[in-house]
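Engineer: Quick one: this structure, given as structure tokens, is what I'll be asking you about.
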Amino acid sequence: MTAHASAAGDWQLGDRRVNRLGYGAMRLTGNGMHGNSDGPPIDRAAAVRLLHTAFEHGVDHVDTAAFYFSPLRSANGLIGRALATWPGADRITVATKVGPGRTPDGAWYTMARPEQLRAQVEENLRQLGTDHLDLVNLRRNGPDAESVAEHFGALADLRRAGLIRHLGLSNARPEHVHQARAIAPVVCVQNSYGLDRRLADDNGLLDLCRGLGIAFVPFFAISGRAREGAPAAERDARVHAVAAAHGATPAQVRLAWTLHRGPHVLAIPGTSNPAHLAENLDAGALRLTAEQLALLDGLDGPAPGTDARAGHQDPRNPASGPEEPGVRT
Numbered sequence: 369m370t371a372h373a374s375a376a377g378d379w380q381l382g383d384r385r386v387n388r389l390g391y392g393a394m395r396l397t398g399n400g401m402h403g404n405s406d407g408p409p410i411d412r413a414a415a416v417r418l419l420h421t422a423f424e425h426g427v428d429h430v431d432t433a434a435f436y437f438s439p440l441r442s443a444n445g446l447i448g449r450a451l452a453t454w455p456g457a458d459r460i461t462v463a464t465k466v467g468p469g470r471t472p473d474g475a476w477y478t479m480a481r482p483e484q485l486r487a488q489v490e491e492n493l494r495q496l497g498t499d500h501l502d503l504v505n506l507r508r509n510g511p512d513a514e515s516v517a518e519h520f521g522a523l524a525d526l527r528r529a530g531l532i533r534h535l536g537l538s539n540a541r542p543e544h545v546h547q548a549r550a551i552a553p554v555v556c557v558q559n560s561y562g563l564d565r566r567l568a569d570d571n572g573l574l575d576l577c578r579g580l581g582i583a584f585v586p587f588f589a590i591s592g593r594a595r596e597g598a599p600a601a602e603r604d605a606r607v608h609a610v611a612a613a614h615g616a617t618p619a620q621v622r623l624a625w626t627l628h629r630g631p632h633v634l635a636i637p638g639t640s641n642p643a644h645l646a647e648n649l650d651a652g653a654l655r656l657t658a659e660q661l662a663l664l665d666g667l668d669g670p671a672p673g674t675d676a677r678a679g680h681q682d683p684r685n686p687a688s689g690p691e692e693p694g695v696r697t
């Protein structure tokens, strides 16, 4: 029987307590974002059924964006339809993000100016069919040294106007958290993070969030490749060994490892495949031993001649983390 999302524990996200295992909608449209997919284009009814199944199993935190769309489907539109037909919709927290954007043909355009963020917020409101957004993350795609103050201030104004309940950051560094908190409360930070990508450990962001009571929400928690500590064959062998000990998949082990990184870590694996959804839910109930965690922790470390603090996004895609093969996040 598929596990309930509450098996992973819960955490305070703004004014709501949410289960730590959530759902990311990047692949909900079926043929995904920037080449990632785990299936053919999904029809509306199947997408709504998938979301309802997630809700039935306790998923109460959904991550989305207006730029998650395919030629046929919009993730926001599918989520809005699912919530409109779900009796407990008021208990589902929907987090979206603004900053980057895409043209109708899918091409990325540069980071929005602060005065353009209201239009992006209103686009999310229309697509989701609501009069306010539960949580909006400011998604950075500029130089690390660039301040977020002006953009975050614009979102804080929209929060005061009642269009947004809570604010967060994405692709952030510790200094950006401090800049934003001087303007308005920050309830979450959403960055690329996982067994093979640990910039948030390197720069202290994971610990900073925990100390401040801020949820840390990794994307690409299942996928790997950004960090090259142990040789690839050795990394894979260790992950497979732990998976075999639990009768689990390597993807489930990676997701479980991420959830073990702290009680404030909220995972948002995404899929359009019902079987993968069940696997992800079951990963929330997977308990790794201290020895297994130590074995997996030992996989960390930069490759010789590389910078462990190197940038964490694909320059061709300002809304992404590092380029990934076609795997579930």
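Residue numbers for the sequence shown follow my numbering, so the first one is 369 and each next one is one higher. Glycine residues also receive a C-beta, built at the ideal position from the N, C-alpha and C atoms. Computed from a predicted model, the values in this text were never measured in an experiment.
1) Take the Cβ of D458 as the centre, count every other Cβ of all protein chains shown within 10 Å, and call the residue buried at 16 or more, exposed below.
2) The beta strand (DSSP E) that contains L387, what's its start and end?
3) To which residues does DSSP link S442 through a beta bridge?
4) At which residue ranges does the region 564-646 contain complete beta strand (DSSP E) runs of 3 or more residues, listed in the order of the chain?
5) Can we say the region 630-649 touches the region 414-422, given the rule of at least three CB pairs closer than 8 Å?
6) Taking only runs of the beta strand (DSSP E) that begin and end inside the region 448-527, which ones reach a length of at least 3 residues, in chain order?
7) Alpha helix (DSSP H) containing L419: first to last residue?
8) Could you check what DSSP says for S538 in three-state terms: helix, strand or coil?
9) Going by DSSP, what residue range makes up the alpha helix (DSSP H) through D665?
10) Would the region 471-483 count as touching the region 517-532 if we require 3 or more Cβ pairs under 8 Å?
11) In angstroms with no decimal places, state the Cα-to-Cα distance between P508 and Q558.
12) Between V489 and A450, which are expected to be in contact by the criterion C-beta below 8 Å, what is the C-beta distance as a whole number of angstroms?
13) I'd like to know if the region 491-501 and the region 440-450 are in contact, where contact means that at least 3 CB-CB pairs between them fall below 8 Å.
14) Taking only the alpha-carbon atoms, compute the straight-line gap between G597 and L667 and give it to the nearest angstrom.
15) First and last residue of the beta strand (DSSP E) that includes H701?
16) Taking only three categories from DSSP, how would you classify L381?
Structural biologist: So, to answer that:
1) In the sequence shown, counting from the first residue as 1, residue 458 sits at position 90. Burial call: exposed.
2) Here residue 387 refers to the residue found at position 19 of the sequence shown. This sequence places Asn at residue 387; Leu is not what is there. Its beta strand (DSSP E) spans residues 384-387.
3) Working through the sequence shown from its first residue, we reach residue 442 at position 74. According to the DSSP secondary-structure assignment, S442 is paired through a beta bridge with F437.
4) 583-587
5) The region 630-649 vs the region 414-422: in contact.
6) 461-466, 501-507
7) Here residue 419 is taken as the residue at index 51 of the sequence shown, counted from 1. Note, L419: alpha helix (DSSP H), 412-424.
8) Your numbering for residue 538 matches position 170 in the sequence shown. Strand.
9) Position 297 of the sequence shown, counted from the start, is the residue given in the question as residue 665. Segment 658-665, the alpha helix (DSSP H) holding D665.
10) yes
11) The residue labelled residue 508 in the question sits at position 140 within the sequence shown. The residue labelled residue 558 in the question sits at position 190 within the sequence shown. Residue identity differs from the one stated: residue 508 is Arg in this sequence, not Pro. One C-alpha to the other measures close to 10 Å.
12) Position 121 of the sequence shown, counting from 1, holds the residue named residue 489. Position 82 of the sequence shown, counting from 1, holds the residue named residue 450. The beta-carbon distance between V489 and A450, rounded to whole angstroms, is 21 Å. This is too long to meet the 8 Å contact definition.
13) yes
14) For the purposes of this step, residue 597 is taken as residue 229 along the sequence shown, with counting starting at 1. For the purposes of this step, residue 667 is taken as residue 299 along the sequence shown, with counting starting at 1. Low confidence applies here, because G597 scores a pLDDT of 49, under 50, leaving its location unreliable and the question unanswered by this model.
15) No information on residue 701 is available, as it lies outside the stretch 369 to 697 that the chain covers here.
16) Walking along the sequence shown from the start, residue 381 turns up at place 13. The answer is strand: DSSP assigns L381 an E or B state.
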